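*Asks:*
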Amino acid sequence: MAIIFQNARLVNPAQNLDMQGSVKVSRNGTIDTVVFAPETVPTGPDDRLIDMSGRILASGLFDMHCHFREPGQEYKETLETGSRAAVAGGFTGVALMPNTIPVIDGPLGAAYIRHNARDLPIDIEIIPAMTVESRGETLAPFGKLVSYGVKALSDDGRAVPDTKMMRLVFEYAANFDLLLIQHCEDASLSEDGVMNEGPYSAELGLKGIPEAAEIITLSRDLQLMEYLQRHKLNPPVSPPRYHVAHTSTRGSLDLVRQAKAKGLQVTCEVTPHHFTLTDQDLYEAAEKGNYIMKPPLASRENRDAILEALADGTVDAIATDHAPHARHEKECPPDQAAFGIIGLESSVGLTFSELVHTGRISEYRAIELLSSNPRKLMGLPPVLFEPGEAANFTLIDPEEGWTFTEDDIRSKSKNTPFLGRSMKGRVMGIYHKGVLHGLE
Ligand SMILES: [Zn+2]
């Protein structure tokens with residue numbers, strides 16, 4: 032059965048496309064016809080017609096920062112349950128961080144994930160570790176990983192602590208055109224901190240994480256990049272590309288802005304929880320476990336800096352840092368809670384509620400941050416709305432009001448501070464790999 036998405040707002044930033052139109056998808060999952068208003072696609076008796084009036088047919092969303100916990104912590108999430116969460120959240124693809132048990136730091140681990148992900152409804156990219164077991168002591172086998180189709184590396188959960196090792200990472204990565212994703216945290220400074228260091232941590236008697244912990248690591252890395260670029264000590268095939276994970280402070284965003292102005296290949300992502308919440312929300316929450324994450328929820332001033340950076344183009348992508356944990360790991364005193372929250376099912380709702388409907392960014396920019404930009408950063412081919420291309424769509428009703436509840440969660444874990452939150456803008460479904468999800 033062919034499917035016709037009629038009268039949609041077609042939004043695909045990879046093609047600079049934002050127009051009213053209709054798309055017909057053949058039964059084999061490829062695009063048959065694309066027409067623009069006032070033209071519509073003629074319907075046959077066997078075609079399924081989906082009226083998209085007032086709705087967006089976007090290029091499939093891609094989340095470049097997820098934790099699906101397999102192998103090793105399947106009680107929190109598996110590749111299968113994580114994929115279901117992605118589908119529910121409107122994502123047709125995700126990239127997985129390597130901090131599983133064991134850490135994915137070589138071809139064997141990458142092969143394991145790829146094999147187990149082969150029949151899932153979404154695309155799964157693997158981001159192996161930069162260093163063996165993410166310990167920051169020995170380089171991971173970059174060359175072997177690249178021959179395996181790997182496009183990005185990260186020791187997410189921690190930064191490479193040793194500066195000389197980080198230099199080696201930059202130099203080796205440059206030879207392979209890899210994206211280096213750094214979780215910027217100076218662990219000697221953040222130590223066993225629980226939340227942002229400030230008046231609220233003092234008030235609660237919780238150990239603080241200074242915002243400088245993020246800024247110091249980022250600033251070190253940028254100094255290294257500049258040094259290596261200036262002195263061409265190891266002439267690279269292409270200059271290293273560096274990406275800041277879950278950027279949370281004004282200082283970091285300023286550094287990214289300056290680095291971009293200098294022509295360094297630096298990009299960054301922010302999470303929905305960091306652009307929505309502050310440490311005051313943690314302070315006021317009765318149950319604090321689901322407000323504990325790394326980097327910690329920041330001060331209002333830093334949150335406002337994130338909103339500015341989203342609007343002015345400094346931020347390249349929105350990523351959820353989807354981090355499932357079991358109830359007992361979150362329903363406990365805050366200084367014993369595991370770090371992180373789930374994010375896939377609430378990402379689009381928060382992006383539209385907090386950014387689009389507040390007038391901070393356009394719907395087009397939202398799709399760019401959620402779809403075309405992360406795909407580009409990950410070195411994936413663009414989604415194209417053209418006949419013969421594979422249909423890869425996210426269907427969004429930008430105006431639908433809804434309340435986020437546990438019924439909306441497909442993840443194995445329910446650790447989110449957003450339960451009961453009213454949102455405006457909702458995912459209707461996805462179309463990917465020849466299957467329509469969400470409009471059954
Ligand atoms: Zn991280």
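Just add 31 to wherever you are in the sequence shown, counting from 1, and you've got our numbering. Each residue gets a CB set at the ideal place from its N, CA and C atoms; glycine is no exception. All values reported here derive from a predicted model rather than from experimental measurement.
#1: Cα separation between residue 350 and residue 297?
#2: Please tell me whether residue 276 and residue 212 are closer than 9 Å, where the distance is taken between their beta carbons.
#3: If we ignore side chains and look at the alpha-carbon of each, how far apart do residue 112 and residue 402 end up?
#4: Between residue 78 and ligand 1, is the CB less than 8 Å from at least one heavy atom?
#5: Leaving aside the five residues before and after residue 94 along the sequence, list all residues of the same chain whose C-beta is less than 6 Å from its C-beta, in chain order.
#6: How far does the beta strand (DSSP E) with residue 62 in it reach, from first residue to last?
#7: Give the DSSP-derived three-state secondary structure of residue 438 in the structure shown.
#8: Just reading off the alpha helix (DSSP H) that residue 140 is part of, what are its end residues?
#9: Look up residue 153 in the DSSP assignment and say whether it is helix, strand or coil.
#10: Report the rounded CA-to-CA distance for residue 361 versus residue 106, giving the unit in angstroms.
#11: Going along the chain, which unbroken runs of the alpha helix (DSSP H) with 4 or more residues stay wholly within the segment 266-322?
#12: Give every residue of the same chain whose Cβ lies closer than 6 Å to the Cβ of residue 307, excluding the five residues on either side of it in the sequence, and list them in chain order.
#13: Distance check for residue 132 and residue 154, CA to CA, integer angstroms please.
#14: Provide the residue span of the alpha helix (DSSP H) that contains residue 218, from first to last.
#15: CA-CA distance, residue 400 and residue 347?
#16: Taking C-beta to C-beta, are residue 378 and residue 91 nearer than 9 Å?
#17: For the pair the segment 426-438 and the segment 50-69, tell me if three or more CB-CB distances fall below 8 Å.
#18: Given that a residue counts as buried once 16 or more other Cβ atoms are within 10 Å of its Cβ, and exposed if not, what is residue 355?
#19: So, residue 78 versus residue 45, is the Cβ gap smaller than 9 Å?
#20: Tell me where the beta strand (DSSP E) around residue 328 begins and ends.
#21: Mind checking who residue 51 pairs with in its DSSP beta bridge?
#22: For the alpha helix (DSSP H) holding residue 134, just list the boundary residues, first then last.
#23: Return yes when at least one heavy atom of ligand 1 lies under 8 Å from the C-beta of residue 352, else no.
#24: DSSP three-state call for residue 106: helix, strand or coil?
#25: Does the distance from the C-beta atom of residue 397 to that of residue 463 stay below 9 Å?
#26: Among 454, 289 and 206, which has the Cα closest to the Cα of residue 388?
#27: List the whole-angstrom C-beta distance separating residue 80 from residue 39, where the pair is believed to meet the contact cut-off of C-beta under 8 Å.
#28: Excluding the five sequence neighbours on either side, which residues of its own chain have a C-beta within less than 6 Å of the C-beta of residue 432, listed in chain order?
#29: Quick one: which unbroken alpha helix (DSSP H) runs of 4-plus residues sit fully inside the segment 401-446? Chain order, please.
#30: Under a Cβ-count criterion, where at least 16 other Cβ atoms within 10 Å of its own Cβ denotes burial, should residue 268 be classed as buried or exposed?
#31: Could you please give the first and the last residue of the uninterrupted beta strand (DSSP E) stretch that includes residue 457?
#32: Tell me the rounded alpha-carbon separation between residue 199 and residue 250.
#33: For residue 328 versus residue 227, is the C-beta distance shorter than 9 Å?
#34: For residue 255, is the classification buried or exposed, using 16 other Cβ atoms within 10 angstroms of its Cβ as the cut-off for buried?
#35: List the whole-angstrom C-beta distance separating residue 129 from residue 165, where the pair is believed to meet the contact cut-off of C-beta under 8 Å.
#36: Between residue 283 and residue 310, is the Cβ-Cβ spacing less than 9 Å?
*Replies:* Result, derived from the coordinates:
#1: Against the sequence shown, residue 350 aligns to sequence position 319. Against the sequence shown, residue 297 aligns to sequence position 266. Answer to the nearest angstrom: the Cα atoms are 16 Å apart.
#2: Within the sequence shown, numbered from 1, the residue matching residue 276 stands at position 245. Within the sequence shown, numbered from 1, the residue matching residue 212 stands at position 181. Their beta carbons are under 9 Å apart, which means residue 276 touches residue 212 by this criterion.
#3: Translated into positions along the sequence shown, residue 112 becomes position 81. Translated into positions along the sequence shown, residue 402 becomes position 371. Their Cα atoms are separated by approximately 21 Å.
#4: Mapped onto the sequence shown, residue 78 falls at position 47. Annotation for residue 78 indicates a beta carbon at 8 Å or more from all heavy atoms of ligand 1.
#5: What you label residue 94 is simply residue 63 of the sequence shown in a count that begins at 1. Spatial neighbours of residue 94 in its own chain (CB-CB distance under 6 Å, excluding positions within 5 residues in sequence) are listed in chain order as 122, 125, 350 and 351.
#6: Position 31 of the sequence shown holds residue 62. Counting along the chain, the beta strand (DSSP E) containing residue 62 begins and ends at 62-67.
#7: The residue given as residue 438 occupies position 407 in the sequence shown. Note: residue 438 maps to helix in three-state DSSP.
#8: The residue given as residue 140 occupies position 109 in the sequence shown. In the DSSP assignment, residue 140 falls within the unbroken alpha helix (DSSP H) covering 138-147.
#9: Here residue 153 refers to the residue found at position 122 when the sequence shown is read from its first residue. Three-state DSSP puts residue 153 in coil, outside helix and strand.
#10: Here residue 361 corresponds to residue number 330 of the sequence shown, with the count starting at 1. Here residue 106 corresponds to residue number 75 of the sequence shown, with the count starting at 1. Cα-Cα distance, rounded: 14 Å.
#11: Those alpha helix (DSSP H) runs which fall completely within the segment 266-322 and span 4+ residues are 281-292, 303-307 and 310-315.
#12: For the purposes of this step, residue 307 is identified with residue 276 of the sequence shown, where counting begins at 1. Excluding positions up to five away in sequence, the list reads 381 and 385.
#13: As a working mapping, residue 154 is identified with position 123 in the sequence shown. As a working mapping, residue 132 is identified with position 101 in the sequence shown. Straight across, the Cα-Cα distance linking residue 154 with residue 132 is about 22 Å.
#14: As a working mapping, residue 218 is identified with position 187 in the sequence shown. Here the alpha helix (DSSP H) through residue 218 covers 218-221.
#15: As a first step, residue 400 must be located in the sequence shown, where it is residue number 369. As a first step, residue 347 must be located in the sequence shown, where it is residue number 316. A direct Cα-to-Cα measurement between residue 400 and residue 347 gives close to 6 Å.
#16: Position 347 of the sequence shown holds residue 378. Position 60 of the sequence shown holds residue 91. No, these two residues do not count as a Cβ contact at 9 Å.
#17: Contact between the segment 426-438 and the segment 50-69 is not established, with fewer than three Cβ pairs separated by less than 8 Å.
#18: For the purposes of this step, residue 355 is taken as residue 324 along the sequence shown, with counting starting at 1. Residue 355 sits buried, since 16 or more C-beta atoms from the chains shown fall within 10 Å of its C-beta.
#19: In the sequence shown, counting from the first residue as 1, residue 78 sits at position 47. In the sequence shown, counting from the first residue as 1, residue 45 sits at position 14. No, they are not a contact pair.
#20: The sequence position of residue 328 within the sequence shown is 297, counting from 1. Looking at the DSSP string, residue 328 is not in any beta strand (DSSP E), and its letter there is neither H nor E.
#21: The count along the sequence shown starts at 1 and reaches residue 51 at position 20. Beta-bridge pairing links residue 51 to 40.
#22: Locating residue 134 in the sequence shown gives position 103, where the first residue counts as 1. Element bounds for residue 134: n/a, residue is neither H nor E.
#23: The residue you call residue 352 lines up with position 321 of the sequence shown. Residue 352: yes, Cβ under 8 Å from ligand 1.
#24: If you number the sequence shown from 1, residue 106 lands on position 75. Correct three-state label for residue 106: coil.
#25: Your numbering for residue 397 matches position 366 in the sequence shown. Your numbering for residue 463 matches position 432 in the sequence shown. Not in contact: residue 397 and residue 463 (Cβ atoms no closer than 9 Å).
#26: As a first step, residue 388 must be located in the sequence shown, where it is residue number 357. Here the closest residue by C-alpha is 454.
#27: Looking up residue 80 in the sequence shown gives position 49. Looking up residue 39 in the sequence shown gives position 8. Rounded, the Cβ-Cβ distance is 12 Å, inconsistent with contact.
#28: If you number the sequence shown from 1, residue 432 lands on position 401. Close CB contacts of residue 432 within its chain, under the 6 Å cut and outside five residues either way in sequence, are with 455 (chain order).
#29: List check, alpha helix (DSSP H) in window: 404-408.
#30: To locate residue 268, count along the sequence shown from 1; it is residue 237. Caution is warranted here: a pLDDT of 46 is assigned to residue 268, below 50, making its placement in the model unreliable, and the coordinate value is therefore given only provisionally. By the neighbour-count criterion, in which 16 or more other beta carbons inside 10 Å mark a residue as buried, residue 268 falls on the exposed side.
#31: As a working mapping, residue 457 is identified with position 426 in the sequence shown. From DSSP, the beta strand (DSSP E) with residue 457 extends over 453-463.
#32: Translated into the one-based positions of the sequence shown, residue 199 becomes position 168. Translated into the one-based positions of the sequence shown, residue 250 becomes position 219. Residue 250 has its alpha-carbon roughly 17 Å from the corresponding atom of residue 199.
#33: Mapped onto the sequence shown, residue 328 falls at position 297. Mapped onto the sequence shown, residue 227 falls at position 196. Their beta carbons are under 9 Å apart, which means residue 328 touches residue 227 by this criterion.
#34: Counted from its first residue, the sequence shown places residue 255 at position 224. When all chains shown are included, residue 255 counts as buried.
#35: Along the sequence shown, read from residue 1 onward, the residue named residue 129 stands at position 98. Along the sequence shown, read from residue 1 onward, the residue named residue 165 stands at position 134. That belief holds up - the Cβ atoms of residue 129 and residue 165 are roughly 7 Å apart, short of 8 Å.
#36: One-based indexing of the sequence shown puts residue 283 at position 252. One-based indexing of the sequence shown puts residue 310 at position 279. Not a contact, by the Cβ cut-off of 9 Å.
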